[in-house]
Amino acid sequence: MRKIHIDSEEGLREVAEALLESLDGRTVVAMRGGMGAGKTTLVRALAELMGVEDQVTSPTFALVNEYRAEDGRTLFHFDFYRIDDEREAFDLGYEEYFYSGDLCLVEWPEKIEGLLPDERVELRITVDGESERTFEIE
12 MRKIHIDSEE GLREVAEALL ESLDGRTVVA MRGGMGAGKT TLVRALAELM GVEDQVTSPT
72 FALVNEYRAE DGRTLFHFDF YRIDDEREAF DLGYEEYFYS GDLCLVEWPE KIEGLLPDER
132 VELRITVDGE SERTFEIE
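Going by the working numbering, the first residue of the sequence shown is number 12, and it counts up by one from there.
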């Protein structure tokens with residue numbers, strides 16, 4: 012496990028780099044943290060690092076946003092906060108995304124816990140202060 016503490020948004024690039032280094036062939040990242048912890052902000056930093064030119068926004072209502080990195084890789088950003096049942100993820104066709112080989116960043120993974128692949132990266136975000144966060148990557 013890798014633990015990174017930051018005290019400002021500028022530290023997110025280091026977290027994004029560490030996350031990419033931690034993938035080790037895995038493509039699904041379960042992003043765990045409370046409301047306002049900075050999950051979407053981290054996705055923005057990661058997308059920027061990967062050369063995504065589109066504006067990264069939360070897929071709260073769409074459930075998934077797709078971005079193309081400068082090297083042609085695809086990044087899928089999921090937000091399952093508003094779903095009430097895992098069947099909604101089935102209706103979305105989650106398997107096609109999770110097993111596509113493309114990077115899938117999943118906010119609120121606890122809503123679909125039974126559908127997450129065993130081979131995934133776990134990312135936990137703890138709010139330590141107004142602009143302080145601790146990121147645990149395993």
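Just so it is clear, CB atoms sit at the ideal spot from N, CA and C, and this is done for glycine as well. No experiment lies behind these values; they were computed from the predicted model shown.
Limits of the unbroken beta strand (DSSP E) element including residue i
i    : result
Y92  : Looking at the DSSP string, Y92 is not in any beta strand (DSSP E), and its letter there is neither H nor E.
E77  : V75 to R79
L114 : L114 to E118
I136 : V132 to V138
I42  : The question names Ile, but residue 42 is Met in the sequence shown. Unbroken beta strand (DSSP E) run through M42: V39 to R43.
Residues bridged to residue i (per DSSP)
i   : result
V63 : In DSSP, V63 forms no bridge with anything.
I15 : F146
F87 : E77 and C115
Beta-carbon spacing of residue i, residue j below 7 Å
i    : j    : result
L116 : V54  : yes
A58  : Y78  : yes
M12  : E149 : yes
G49  : R144 : yes
L60  : A27  : yes
T51  : L114 : no
Host alpha helix (DSSP H) of residue i (start-end)
i    : result
A100 : E97 to L103
L30  : L23 to S33
Rounded distance between the beta-carbons of residue j and residue i, thought under 8 Å
i    : j   : result
L103 : V75 : 7 Å
E147 : K14 : 5 Å
Below 8 Å, can you find three or more Cβ-Cβ pairs linking the region 128 to 141 to the region 61 to 75?
no
Three or more C-beta pairs below 8 Å linking the region 119 to 136 and the region 88 to 99:
yes
Three-pair Cβ contact test at 8 Å for the region 106 to 113 versus the region 16 to 28
no
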